[in-house]
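For the sequence shown, position 2 (counting from the first letter as 1) is numbered 621 according to this note's numbering, and the numbering increases by one without interruption. Glycine residues also receive a C-beta, built at the ideal position from the N, C-alpha and C atoms. Quantities reported herein were computed from a predicted structural model and do not represent experimental measurements. For reference, the structure is listed below as structure tokens.
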Amino acid sequence: MAMPKRKHSKSRKRTRRSHLALKKTVLSDCPRCHQKKIPHRVCGNCGYYKGSAVIKL
């Protein structure tokens with residue numbers, strides 16, 4: 620089994636893990652009730668998606 624010859628530096632380790640950081644949640648406005656919602660999801664406030672009722676609230 621291969622063994623590392625030298626210790627990996629902290630900056631090299633952190634550079635490798637830089638894409639693992641949490642990303643900010645993107646929110647858009649519901650065109651019907653103008654509340655914030657996650658894009659491509661049913662609005663939790665009014666229950667509409669793409670202009671039609673999906674959930675009865």
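Tell me, please, whether the stretch 646-658 touches the stretch 625-636 by the rule of three or more beta-carbon pairs shorter than 8 Å.
Judged by Cβ distances under 8 Å, the stretch 646-658 makes no contact with the stretch 625-636, as fewer than three pairs qualify.
Could you tell me the alpha carbon to alpha carbon distance between Arg-660 and Lys-642, rounded to whole angstroms?
18 Å
Taking only three categories from DSSP, how would you classify Lys-626?
In the three-state reduction of the DSSP assignment, Lys-626 falls in the coil class.
Tell me the DSSP bridge mates of Ser-671?
Tyr-668
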